[in-house]
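Each remark here refers to the structure printed beneath this line.
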């Protein structure tokens with residue numbers, strides 16, 4: 001019963017994400033996934049275009065279908081039915097494709113989640129900014145929070161290092177990779193016009209609190225002998241609570257700046 005309920009959610013991902021895990025290896029799914037993956041990417045790309053049925057979008061669909069057929073034929077000729085690719089030169093493209101398509105599905109789910117949050121806010125008459133600051137932000141970070149705390153508590157000294165690296169590396173990846181890809185796609189769709197980002201006070205405040213937390217860590221850690229103690233933690237929690245309070249007060253219209 002559970003399998004049938006999960007099937008509509010798992011099957012599309014299975015058909016578009018190349019998977020070379022030995023336990024789940026299936027040549028048929030592998031061939032289908034590399035064939036359909038370019039088509040899914042073209043659907044995501046064209047969904048951001050103003051004219052979905054334009055000549056450019058049709059050309060993108062055609063090119064993605066052609067690339068998918070070529071990749072599917074290559075997968076048929078270069079893979080084995082009994083086991084996944086093991087040679088590094090063959091395995092690396094499969095891993096890269098799996099990572100890329102996982103990011104694509106994460107993007108799709110994130111888009112739908114944001115739309116759902118906005119709809120809930122409209123139905124319940126809740127400010128969408130409040131939902132974004134609380135439910136969406138906490139839900140998006142819960143996985144990293146659990147993973148980092150678990151590694152820090154159970155991994156010893158090396159585990160703490162891994163957890164700290166993860167705390168800083170995750171947001172860095174989201175900012176540098178997530179924003180860069182988003183800006184690239186938006187700029188491409190608006191070409192030859194330039195992409196203008198309106199001045200937003202809330203964005204400036206968010207950046208200010210983010211730099212404040214980084215500055216606090218940069219100052220406190222050397223002074224405490226690079227020890228992660230309650231001074232560092234309480235300071236970071238205080239900064240976050242201040243940020244959350246300021247943004248909630250502004251979002252609810254209690255204070256206008």
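Numbering (UniProt numbering), first residue to last: 1 to 257.
Where a beta carbon is used, it is the ideal one built from N, C-alpha and C, also for glycine.
query, result
"List, from N- to C-terminal side, the alpha helix (DSSP H) runs of 4 residues or more that fit wholly inside the region 44-124.", "55-78 and 88-123"
"Suppose you measure from the CA of residue 7 to the CA of residue 28; what does that come to, to the nearest Å?", "17 Å"
"Quick one: give me the first and last residue of the alpha helix (DSSP H) that residue 12 is part of.", "2-16"
"Leaving out the 5 sequence neighbours to the left and right, which residues in its chain are closer than 6 Å to residue 170 when beta-carbon positions are compared?", "144"
"For the region 159-216, which segments carrying the alpha helix (DSSP H) assignment without a break, of at least 4 residues, lie completely within its bounds, in sequence order?", "179-190"
"Return the CA-CA distance between residue 35 and residue 154, expressed in angstroms with no decimal places.", "42 Å"
"Take residue 195 as the anchor and find which of 202, 186 and 201 has the nearest alpha-carbon.", "186"
"Please report the Cβ distance between residue 98 and residue 200, rounded to the nearest whole angstrom; I am assuming they are in contact, meaning their Cβ atoms lie under 8 Å.", "Their Cβ separation, rounded to whole angstroms, is 36 Å, which puts residue 98 and residue 200 out of contact at 8 Å."
"Looking only at its own chain, which residues have a Cβ that is under 8 Å from the Cβ of residue 243, when we skip the five neighbours before and after it?", "205, 206 and 209"
"In angstroms, rounded to a whole number, what distance separates the CA positions of residue 141 and residue 222?", "27 Å"
"According to DSSP, is residue 139 part of a helix, a strand, or is it coil?", "helix"
"Relative to the C-alpha of residue 76, which residue among 183, 32, 17 and 181 is closest?", "32"
"Would residue 60 be called buried (16 or more neighbouring beta carbons within 10 Å of its own) or exposed?", "buried"
"Does residue 148 pass the burial test, meaning 16 or more other C-beta atoms within 10 Å, or should it be called exposed?", "buried"
"How far does the alpha helix (DSSP H) with residue 126 in it extend, from its first residue to its last?", "Residue 126 -> no alpha helix (DSSP H), and no H or E assigned at all."
"When DSSP labels each residue in this structure, what does residue 20 get in the three-state scheme?", "coil"
"Would you mind stating whether residue 44 and residue 104 have Cβ atoms separated by less than 8 Å?", "yes"
"Please go through the same chain and pick out, in chain order, the residues whose beta-carbon is closer than 8 Å to the beta-carbon of residue 232, but skip the five residues on each side of it.", "216, 217, 220, 221 and 224"
"Let me make sure I understand the geometry here. Which of 39, 117, 22 and 123 has the alpha-carbon closest to that of residue 85?", "22"
"Check residue 145 in the structure and name its three-state DSSP category.", "helix"
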